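S.K.: One structure, pasted below without further comment.
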């Protein structure tokens with residue numbers, strides 16, 4: 007039961023400690039204490055204290071450091087997870103975000119006490135608009151999918167303002183799109199219509215032409231698309247959608263390829279989201295926090311959520327008085343801490359640095375694609391942008407699947423690429439190296455892939471049974487879904503319903 | 003990347019120039035000028051610039067913060083930021099490769115357990131964006147589960163939570179029915195008058211936006227009479243160290259803001275929404291969920307589970323579109339609750355109550371200051387002032403005090419009222435300073 011074991015099971019925090027132990031001491035109460043019953047009526051009081059851990063600070067620290075050592079981040083090694091843009095997260099950004107003048111601001115402070123914060127938001131909005139080629143933006147969405155949802159709400163508000171809200175009920179989504187696109191459209195009350203890809207991985211323009219019409223609210227597209235390829239027909243696509251009265255939504259998950267090179271607004275997009283946690287280097291935190299600002303064309307500005315950040319001479323202020331706004335989609339103003347980091351990144355890079363980053367991201371991806379092309383089927387034989395998609399189908403006849411290759415990579419200390427996405431490529435491996443990796447890292451990755459291919463040919467079971475060197479081996483996902491165990495349940499307590507009831511079973515109030 | 007590396011890579015690709023890699027972008031949309039963004043800065047320049055911007059804000063380190071209303075200045079143990087800053091955690095993506103992300107997955111499982119325990123519910127998810135979106139998604143779950151299209155929401159619930167829920171629900175053709183408040187609380191008869199066969203859920207915020215304690219149990223009964231669900235909303239879950247957990251008064255879902263569990267104020271985000279529910283709703287709840295299982299060798303391990311609810315599998319039929327959530331804040335919550343532990347959460351809640359009542363008594367003893375509402379409260383309370391609350395809070399800045407939220411912006415009828423919050427982080431000296439200053443202003 008030590009904190010440093012790296013392989014096998016690891017104790018839960020609930021299996022550590024002893025009654026009466028604690029890891030933090032409060033200052034003593036410095037006001038006269040009243041009997042609690044006199045302040046809070048009995049019927050509102052909890053009868054049983056919650057069964058939380060009872061551990062000392064060193065125990066807690068060893069536990070979580072132990073857990074961290076069973077985890078992998080881009081600071082540990084190469085992380086070519088396609089569509090996720092796992093670039094290096096500069097440390098200065100963490101330092102400045104932790105400044106008390108940012109980290110300890112209450113969202114409801116008087117405006118005159120948060121002028122620095124509002125100025126940062128105001129300028130970040132302008133930078134993002136410049137990168138997007140659009141008029142105004144909101145920083146409110148907490149993630150890319152949240153930005154999509156808001157963007158679609160704005161799309162809907164626009165059509166409603168033109169009296170077409172009830173007829174334009176369809177959102178077109180390519181079959182290669184991220185899963186969030188159709189999910190966001192449905193959440194916004196839209197019917198999702200899938201558009202086929204062509205042989206070159208782009209939107210099939212003929213198919214699109216047949217689908218757009220008076221029912222079309224808009225098209226959601228990422229460009230470069232999820233194959234890492236630039237939509238060469240983008241201007242034709244934009245014309246088709248606009249001529250039909252629809253709007254074009256840009257999923258910015260892949261924006262790392264285009265900074266300073268071309269702009270979604272110039273391509274014809276009307277609404278754009280960016281993922282600050284991808285393109286603008288804010289750390290992903292093991293699944294968030296993210297930030298998904300959206301930028302819009304002039305005609306859509308009235309529909310942006312409240313509040314917007316405005317400037318009057320030297321004074322910055324929040325504007326809540328926007329009668330056509332779609333409303334509010336998040337508490338307060340968005341994930342401000344992420345805005346600070348993204349702002350710091352943009353100021354560090356400058357215009358030239360941002361463009362150089364995109365160029366290098368594209369060079370790195372094409373270089374690695376070239377190195378790996380002999381080993382796999384390249385989904386579409388073209389220069390890619392920031393990422394590319396390979397197919398592992400040729401190894402299926404040897405009984406090895408892409409999942410096995412991904413798992414074997416883990417044994418070599420490398421995070422696996424995105425696998426089985428996009429859905430249109432069989433046995434897909436989606437690889438995004440990013441610009442912050444060196445040539446040596448890419449060469450090493452290619453060598454490891456060559457080694458794995460040799461293993462597939464010589465000893466396929468080694469790959470099929472991978473990983474071997476990780477803290478745990480392949481996990482039984484079917485069991486996790488069939489018998490959900492979502493909370494720790496002390497051995498003495500009972501289970502309730504179809505799930506392991508965890509703490510709930512032990513708390514009667 | 004050195005020039006030599008770049009040259010070697012371009013050679014290997016088989017192009018003479020990086021421009022060739024962009025040749026498929028139509029010429030008319032290539033940006034032929036530099037972006038209009040200032041030139042880059044070196045680290046030392048950036049540090050100076052950021053310190054200057056930060057220095058123009060009045061932070062809760064220099065000012066005594068009596069603002070609450072959904073964001074709370076609690077003490078945060080030093081170990082929290084140290085541990086969440088471990089690179090292996092904070093530079094990780096969503097744990098798609100479970101074998102090398104057991105750290106995040108196990109911490110998530112522990113977080114889910116802690117949330118379930120505190121709320122008295124059977125399960126919890128890995129986190130939502132914040133309390134407001136957690137409430138909105140809970141309303142959507144209730145509508146989907148019951149097949150009904152209305153949610154009854156007290157006006158005494160957080161105004162921004164209500165706004166966010168209204169935005170989410172409107173787009174699915176669902177409605178919010180608002181319930182007025184009387185004496186700072188939601189009258190049960192007013193709730194009953196609005197609940198019927200179309201009601202999917204009744205929402206109760208406990209304590210409510212004014213800090214007052216609601217009769218949640220009675221609202222649960224009203225909901226139950228009509229086959230509706232009860233959604234408990236909690237903006238400061240540290241109250242659960244002392245207050246009855248939602249599971250005990252019959253809530254079907256308990257959602258709220260997890261920021262008080264170790265996340266700094268950060269001007270409103272990043273925070274985390276917590277989302278706990280009864281077991282029967284497990285396949286309807288949104289977002290990531292970690293589950294325990296075993297590996298090939300029989301070792302206990304953790305995976306993201308029940309993914310057939312989610313967008314990357316189910317696409318337009320998913321329970322929600324949420325993907326990235328607030329994992330690092332959930333980790334901070336797990337660390338915070340571990341350090342505070344069983345005794346600590348009770349003590350924090352107790353100190354909040356004691357200090358808030360100390361300040362409320364002292365303030366309402368002043369000429370021109372009175373308690374707006376008569377009922378019991380937790381750590382927030384409303385006072386009615388003879389002077390304009392906006393003006394008062396501005397003048398309090400001279401005393402290094404962030405003196406509460408003037409309610410007029412959300413409740414025109416309470417334009418003479420101030421919402422004040424006291425956490426365990428406030429000292430008696432700060433409270434006495436507040437009272438003295440207010441005595442001269444009110």
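Chains as they are written, first to last, in our numbering: chain R, 7 to 515; chain C, 3 to 444.
The beta carbon of each residue, even a glycine, is placed where N, CA and C say it ideally should be.
Predicted, not measured: the structure shown is a model, and the values here were computed from it.
1. Does any residue of chain C have a CB that is nearer than 8 angstroms to the CB of residue 9(R)?
2. Starting from residue 372(C), trace the beta strand (DSSP E) both ways and give me its first and last residue.
3. DSSP on residue 7(C), reduced to helix/strand/coil?
4. I need the DSSP call for residue 277(R), collapsed to helix, strand or coil.
5. Could one say the Cβ of residue 148(C) lies closer than 8 angstroms to chain R's Cβ atoms, at least one of them?
6. Step through the CB atoms of chain R and report whether any lies within less than 8 angstroms of the CB of residue 214(C).
7. Anything in the region 420 to 434 of chain C with a Cβ closer than 7 angstroms to a Cβ of chain R? List those residues in chain order, please.
8. Who are residue 59(C)'s beta bridge partners in DSSP?
9. Does the Cβ of residue 287(C) have 16 or more other Cβ atoms within 10 Å, making it buried, or fewer, making it exposed?
10. Using the three-state DSSP reduction, which class does residue 15(R) fall into: helix, strand or coil?
11. Please list the terminal residues of the continuous alpha helix (DSSP H) segment that includes residue 141(C).
12. What are the boundary residues of the alpha helix (DSSP H) that residue 466(R) is part of?
13. Kindly indicate if chain R contains any beta-carbon less than 8 angstroms away from that of residue 108(C).
14. So residue 218(C) is in the alpha helix (DSSP H); what residue range does that whole segment cover?
15. In angstroms with no decimal places, state the Cα-to-Cα distance between residue 59(C) and residue 122(R).
16. Which of the three DSSP states, helix, strand or coil, is assigned to residue 171(C)?
17. Just how far apart, CA to CA, sit residue 139(C) and residue 224(C)?
18. Check the Cβ of residue 366(R) against every Cβ in chain C and list those closer than 8 angstroms, keeping chain order.
19. Could you work out which residues of chain C lie near residue 186(R), taking near to mean beta carbons separated by less than 7 angstroms?
20. Okay, do the region 379 to 396 of chain R and the region 222 to 235 of chain R touch, 3+ Cβ pairs below 8 angstroms being the bar?
21. If I'm right that residue 246(R) touches residue 218(R) with Cβ under 8 angstroms, what's the distance once you round it to whole angstroms?
22. Going by other Cβ atoms of all chains shown within 10 Å of its Cβ, with 16 needed for buried, is residue 63(C) buried or exposed?
23. Output, in sequence order along the chain, the residues in the region 465 to 493 of chain R whose CB is closer than 7 angstroms to any CB in chain C.
24. Rounded to a whole number of angstroms, what is the C-alpha to C-alpha distance between residue 387(R) and residue 323(C)?
25. Counting only the same chain and skipping the five closest in sequence on each side, list residues whose C-beta sits under 8 angstroms from that of residue 515(R).
26. Rounded to the nearest angstrom, what separates residue 411(C) and residue 158(C) at their Cα positions?
27. In terms of residues, what are the limits of the alpha helix (DSSP H) holding residue 317(R)?
28. Between the region 325 to 353 of chain R and chain C, which residues of the former have CB atoms less than 7 angstroms from a CB of the latter, in chain order?
29. Going by CA-CA distance only, name the one from 114(R), 204(R), 266(R), 478(R) that's closest to residue 13(R).
30. Under a three-way DSSP split, which group does residue 294(C) fall into?
31. At least one CB of chain R closer than 8 angstroms to the CB of residue 438(C): is that the case?
32. Below 9 angstroms between beta carbons is the criterion; list the residues of the region 74 to 95 of chain R that meet it against any residue of chain C, in chain order.
33. When the Cα of residue 35(C) is compared with those of 139(R), 88(R), 120(R), which residue comes out closest?
34. Kindly indicate if chain R contains any beta-carbon less than 8 angstroms away from that of residue 2(C).
35. Can a CB atom of chain C be found closer than 8 angstroms to the CB of residue 513(R)?
36. Taking residue 203(R) as the query, report the chain C residues whose CB atoms sit under 7 angstroms from its CB, ordered along the chain.
M.R.: Judging by the given coordinates:
1. Translated into positions along the first chain, residue 9(R) becomes position 3. Any answer about residue 9(R) is weak, because its pLDDT of 42 lies below 50 and its placement is not dependable; what the coordinates show is given next. Not an interface residue.
2. Residue numbering aside, residue 372(C) sits at position 370 when the second chain is read from its first letter. Per DSSP, residue 372(C) belongs to the beta strand (DSSP E) from 371 to 373.
3. By 1-based counting over the second chain, the position of residue 7(C) is 5. In the three-state DSSP reduction, residue 7(C) falls in the helix class (H, G or I).
4. In the first chain, the residue the question calls residue 277(R) occupies position 271. Correct three-state label for residue 277(R): strand.
5. Here residue 148(C) refers to the residue found at position 146 when the second chain is read from its first residue. Not an interface residue.
6. Mapped onto the second chain, residue 214(C) falls at position 212. For residue 214(C), the answer is no, since every Cβ of chain R falls outside 8 angstroms of its Cβ.
7. Residues of the region 420 to 434 of chain C whose Cβ lies closer than 7 angstroms to any Cβ of chain R, in chain order: 426, 429, 430.
8. Along the second chain, one-based indexing puts residue 59(C) at 57. DSSP lists 120(R) as the bridge partner or partners of residue 59(C).
9. Here residue 287(C) corresponds to residue number 285 of the second chain, with the count starting at 1. Buried is the call here.
10. For the purposes of this step, residue 15(R) is taken as residue 9 along the first chain, with counting starting at 1. In the structure shown, residue 15(R) sits in coil (DSSP, three-state: anything other than H, G, I, E or B).
11. The residue labelled residue 141(C) in the question sits at position 139 within the second chain. Per DSSP, residue 141(C) belongs to the alpha helix (DSSP H) from 133 to 148.
12. The sequence position of residue 466(R) within the first chain is 460, counting from 1. Where residue 466(R) is concerned, the enclosing alpha helix (DSSP H) stretches over 466 to 470.
13. Here residue 108(C) corresponds to residue number 106 of the second chain, with the count starting at 1. By this cut-off, residue 108(C) is an interface position.
14. For the purposes of this step, residue 218(C) is identified with residue 216 of the second chain, where counting begins at 1. DSSP places residue 218(C) inside the alpha helix (DSSP H), whose first and last residues are 218 to 227.
15. Along the second chain, read from residue 1 onward, the residue named residue 59(C) stands at position 57. Along the first chain, read from residue 1 onward, the residue named residue 122(R) stands at position 116. Inter-residue distance for residue 59(C) and residue 122(R) is about 6 angstroms (C-alpha atoms, whole angstroms).
16. Numbered from its first residue, the second chain carries residue 171(C) at position 169. Helix.
17. Taking the second chain and counting its residues from 1, one reaches residue 139(C) at position 137. Taking the second chain and counting its residues from 1, one reaches residue 224(C) at position 222. Between the C-alpha atoms of residue 139(C) and residue 224(C) there is a straight-line separation of about 22 angstroms.
18. Position 360 of the first chain, counted from the first residue, corresponds to residue 366(R). Within chain C, the C-beta atoms nearer than 8 angstroms to that of residue 366(R) come from 3, 8, in chain order.
19. For the purposes of this step, residue 186(R) is identified with residue 180 of the first chain, where counting begins at 1. Here the neighbours are 313, 323, 325.
20. Because the criterion of three Cβ pairs below 8 angstroms is met, the region 379 to 396 of chain R and the region 222 to 235 of chain R touch.
21. As a working note, residue 246(R) is residue 240 in the first chain. As a working note, residue 218(R) is residue 212 in the first chain. Going by Cβ atoms, the distance from residue 246(R) to residue 218(R) rounds to 6 angstroms, so yes, they are a contact pair.
22. Position 61 of the second chain, counting from 1, holds the residue named residue 63(C). Exposed, since its Cβ has fewer than 16 Cβ neighbours within 10 Å.
23. Against chain C - using a Cβ distance shorter than 7 angstroms - the residues of the region 465 to 493 of chain R are 473, 476, 477, 478, 479, 480, 481, 482, 483, 485, 486, 487, 490, 491, 492, 493.
24. To locate residue 387(R), count along the first chain from 1; it is residue 381. To locate residue 323(C), count along the second chain from 1; it is residue 321. Spanning the two alpha carbons is a distance of roughly 33 angstroms.
25. Within the first chain, the letter at position 509 stands for residue 515(R). Note that residue 515(R) scores a pLDDT of 32, beneath 50, so its modelled location is shaky and nothing firm can be said.
26. Residue numbering aside, residue 411(C) sits at position 409 when the second chain is read from its first letter. Residue numbering aside, residue 158(C) sits at position 156 when the second chain is read from its first letter. The alpha-carbon atoms of residue 411(C) and residue 158(C) are separated by roughly 14 angstroms.
27. Numbered from its first residue, the first chain carries residue 317(R) at position 311. Here residue 317(R) belongs to no alpha helix (DSSP H); instead the beta strand (DSSP E) covers 314 to 318.
28. For the region 325 to 353 of chain R, the residues whose beta carbon sits under 7 angstroms from a beta carbon of chain C are, in order, 332, 333, 334, 335, 336, 337, 338, 339, 340, 341, 342, 343, 344, 350, 352, 353.
29. If you number the first chain from 1, residue 13(R) lands on position 7. Selected option, being the one with the closest Cα: 478(R).
30. On the second chain, position 292 is the one that residue 294(C) refers to. The three-state secondary structure of residue 294(C), taken from DSSP, is strand.
31. For the purposes of this step, residue 438(C) is taken as the residue at position 436 of the second chain. Not closer than 8 angstroms to any Cβ of chain R, the Cβ of residue 438(C) fails to qualify, so no.
32. Of all residues in the region 74 to 95 of chain R, only 74, 75, 76, 77, 78, 79, 80, 81, 82, 85, 87, 90, 92, 94, 95 come within less than 9 angstroms of chain C when Cβ atoms are compared, listed by chain position.
33. Looking up residue 35(C) in the second chain gives position 33. Ranking the options by Cα distance to residue 35(C), first place goes to 139(R).
34. Nothing in the structure corresponds to residue 2(C), since chain C is present only between 3 and 444.
35. Here the question's residue 513(R) lines up with position 507 in the first chain. Summary for residue 513(R): the model assigns pLDDT 32, below 50, so the residue's position carries little reliability; its value from the coordinates is reported in the next sentence. True, the Cβ-Cβ gap to chain C drops below 8 angstroms.
36. Indexing the first chain from 1 puts residue 203(R) at position 197. Among the residues of chain C, none has a CB under 7 angstroms from the CB of residue 203(R); the nearest is roughly 16 angstroms distant.
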